[in-house]
Amino acid sequence: MRPFRIVFFGLIVLCLQVACRSRQVATNEVLRIKTITQVQRDTIIQTDPDSSFYQAWIDCISGKPVLRVDSETKKAGNYLNVPTVKMEGNELKVDCYATAQKLFRTWQQQYIEELRTETIIRPPIEVIRPLTLWQNLQIYLGRAALVLSMVYLIYRLIKQKLKIN
């Protein structure tokens with residue numbers, strides 16, 4: 303029964319200590335939230351089909367093929383240039399160059415949302431009247447009683463654990 307009283311008395315003293323907590327000092331708060339959202343978008347640019355052509359007759363002179371210049375027909379496309387034709391020996395070379403095209407494009411959009419709240423200034427706690435002599439005496443006697451009761455509890459617990467008579 304005796305250890306129960308010691309524990310019970312200790313819990314009551316701890317509960318009284320929690321109840322004696324003073325109010326917090328006023329603090330200033332600034333709250334700022336910045337949200338950055340990035341969205342990557344892409345698109346495909348469709349181009350129309352294009353073609354160019356070259357048509358000519360080939361004559362055989364002295365056993366060698368030769369292009370007939372008067373029979374040439376050339377046509378350029380929208381972005382394809384006119385084909386260039388070269389005949390060297392038995393080899394026919396046709397080159398057709400196109401202008402550059404951009405077919406795929408990506409871009410990135412960035413949204414910045416900034417939420418800013420005002421500074422919260424809490425009013426300071428005003429002391430209406432200072433503590434009287436009697437109130438100060440009660441505070442100091444309470445502290446002394448708390449220290450003495452804690453020393454007594456520690457002494458009793460050590461004595462009980464070590465079983466000193």
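Residues in the sequence shown are numbered from 303 upward in steps of one, following this note's numbering.
Heads up, the beta-carbon is just placed ideally off N, CA and C, and yes, glycines get one too.
Just so we're clear, the structure is a prediction, and the values are computed from it rather than from any experiment.
Next on the checklist: Measuring straight from C-alpha to C-alpha, what distance separates Ala-446 and Lys-465?
Outcome noted: 28 angstroms
Checklist entry - Do you know offhand how far Lys-377's Cα is from Arg-343's? => result Their Cα atoms are separated by approximately 38 angstroms.
Checklist entry - Thinking C-alpha only, which one of Ser-364, Ser-353, Val-371 is nearest Leu-382? => result Ser-353
Item to check | Cβ separation of Val-387 and Val-396, assumed to be a contact under 8 angstroms, to the nearest whole Å | outcome: 5 angstroms
Next on the checklist: With H, G and I counted as helix, E and B as strand and the rest as coil, what does DSSP make of Val-368?
Outcome noted: Val-368: strand per DSSP, three-state reduction.
Next on the checklist: I'd like to check one pair, Pro-351 with Asn-392: are the Cβ atoms closer than 8 angstroms?
Outcome noted: no
Item to check | For Lys-461, three-class secondary structure by DSSP | outcome: The answer is helix: DSSP assigns Lys-461 an H, G or I state.
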